[in-house]
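With UniProt numbering applied, the sequence shown corresponds to residues 1 to 293, in that order.
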Amino acid sequence: MKPISSLLVASDFSADSQHAMQRAALLCKAAGITRGTALHVVETGLLENLTRLLHLPCEAESTLLDDAMHALEKEIASIFEGSGVQLEPQVRSGKAVDRIIEAAAEPEIVLLGAKGRHLIDTNIGSTPGRLIRHSGKPVLVVKTEPVQPYRKILVAVDFSAHSRRAVEWAARVAPTAPLYLVHVYQAMFEGKMKYAGVTEDAINDYRRMAREAAELEMEHFISTLTGVHNSRLHKMIRHGEHPAQTLVRAIRKTGADLVAVGRQGKSLMEHFLLGSVTLNLLELSPCDLLVTQ
């Protein structure tokens, strides 16, 4: 498995972004990453509002950027000093998502906190939500304060190429952690069968056949994986009408501290479904979330 060459961690100096910085340090140590970028974005609207409301001189923008650079350098030093990791500080002005995407041209993975300093950052229209939609790189959303490297990773799979990349990235992020591959299946038209008066025994048989089909697909999916030793893989097949909630229950059952998911599924319908699952996990997951592209 190819090691991760570099990362980008975004900071707005909030508690959650400090957690992202701490996770970046742990990730560098676990995955052997020796270089990366730390980015702070001064929102254009903030600069314009401060300049207008406080009647600040033109030099105020330069002062704000300089102050942000000093704060970022201090944050890096407090977490990465003595680690051997070369983390380049960058401060840019503009829209946060746009600047993060620009800065992520070279790094392989982007880390950021789940919540920022503003109320809007607590919902699916947040910086993480928009970044997941528009970034071409894997995005690791740090939702919890890190205390150790990832110990157990749950990977949501729909047997697509996107799921395969999610497994591969999970293995790269935590090279020694066990991977729990979870497939949530739904027996098509099960609800309509109930309304049509189909017996419970017949519905159970139908559900059993759907599970057996999912198990066969899981076996084939695992056979296509490369670079991940089978001893690390644990299969979980779950029935559920609400995939995100079913995955959250699996997270709690396994004690996973990271859940990985591919952004797209095999079809347009699955693209929509998995997209909604991803955004629901962004809100509901009790652990960190890795979204691969």
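Backbone N, C-alpha and C define an ideal beta-carbon position, used for all residues, glycine too.
Just verifying my parser: in three-state terms, what is the DSSP assignment at residue i?
i: L283; result: The sequence given here has Glu at residue 283, not Leu. Of the three classes helix, strand and coil, the one that applies to E283 here is helix, per DSSP.
i: S267; result: Low confidence applies here, because S267 scores a pLDDT of 48, under 50, leaving its location unreliable and the question unanswered by this model.
i: D66; result: helix
i: K235; result: strand
i: D288; result: strand
i: A114; result: coil
i: L228; result: First, the residue type needs correcting, since residue 228 is Val and not Leu in the sequence shown. Reduced to three states, the DSSP call for V228 is coil.
i: T122; result: Annotation note: pLDDT 39 at T122 (below 50); position unreliable, coordinate value reported separately. Here T122 sits in helix by DSSP.
i: I33; result: coil
i: H242; result: coil
i: A10; result: strand
i: I101; result: helix
i: I4; result: coil
Note down the Cα distance separating residue i from residue j, rounded to an integer number of angstroms.
i: E168; j: L140; result: 14 Å
i: V184; j: E43; result: 40 Å
i: H134; j: K95; result: 13 Å
i: A10; j: E73; result: 13 Å
i: E215; j: F159; result: 11 Å
i: V161; j: H234; result: As written in the sequence, residue 161 is Ala, which differs from the Val given in the question. Those two C-alpha atoms are separated by around 19 Å.
i: T226; j: R252; result: 28 Å
i: E102; j: V198; result: 55 Å
i: G255; j: A170; result: 16 Å
i: A25; j: L112; result: 13 Å
i: V65; j: H242; result: Correcting the residue type first, residue 65 is Leu in the shown sequence and not Val. Going by the C-alpha atoms only, they are around 45 Å apart.
i: N230; j: G262; result: 20 Å
i: Q186; j: S83; result: 47 Å
i: S14; j: R164; result: 33 Å
i: Q293; j: F221; result: 18 Å
i: I76; j: T127; result: 21 Å
i: V248; j: L181; result: 13 Å
i: R99; j: P149; result: 28 Å
i: I4; j: I33; result: 6 Å
i: R172; j: K2; result: 7 Å
i: V259; j: I132; result: 14 Å
i: A114; j: A105; result: 22 Å
i: M218; j: T224; result: 10 Å
i: H70; j: D16; result: 19 Å
i: T246; j: L282; result: 14 Å
i: A20; j: E200; result: 48 Å
i: D205; j: L154; result: 28 Å
Compare the C-alpha of residue i against each of the options and name the closest.
i: I237; options: A260, D257 and R208; result: R208
i: K152; options: R249, T176 and V110; result: T176
i: E108; options: P128, S6 and H242; result: S6
i: residue 314; options: D67, R130, R23 and E102; result: This structure gives no information on residue 314, because the portion of the chain shown stretches from 1 to 293.
i: A244; options: E217, R263 and S285; result: S285
i: L8; options: Q90, Y180 and Q186; result: Q90
i: A174; options: D288, T224 and A68; result: D288
i: V41; options: H19, A170 and A68; result: A68
i: L290; options: E217, R232, V157 and R99; result: V157
i: V228; options: S17, L258, E217 and A166; result: A166
i: Q18; options: L39, R35, A104 and G129; result: L39
Q) Which runs of the beta strand (DSSP E), 3 residues or longer, sit entirely within the region 72 to 98? A) Counting only runs of 3 or more, we get 86 to 94.
Q. Should the region 238 to 245 be regarded as contacting the region 141 to 148, the criterion being three or more beta carbon pairs within less than 8 Å?
A. Contact fails: fewer than three Cβ-Cβ distances are below 8 Å.
Q) Would you call the region 95 to 105 and the region 13 to 30 touching, i.e. three or more CB-CB distances under 8 Å? A) The region 95 to 105 makes no contact with the region 13 to 30, as fewer than three CB pairs between them are under 8 Å.
Q. Hey, is the region 276 to 285 in contact with the region 210 to 229, meaning 3+ C-beta pairs nearer than 8 Å?
A. No, because fewer than three Cβ pairs between the region 276 to 285 and the region 210 to 229 fall closer than 8 Å, the two stretches do not touch.
(Q) I'd like the ranges of any alpha helix (DSSP H) spanning at least 4 consecutive residues and lying wholly in the region 134 to 194. (A) Listed in chain order, they are 161 to 173.
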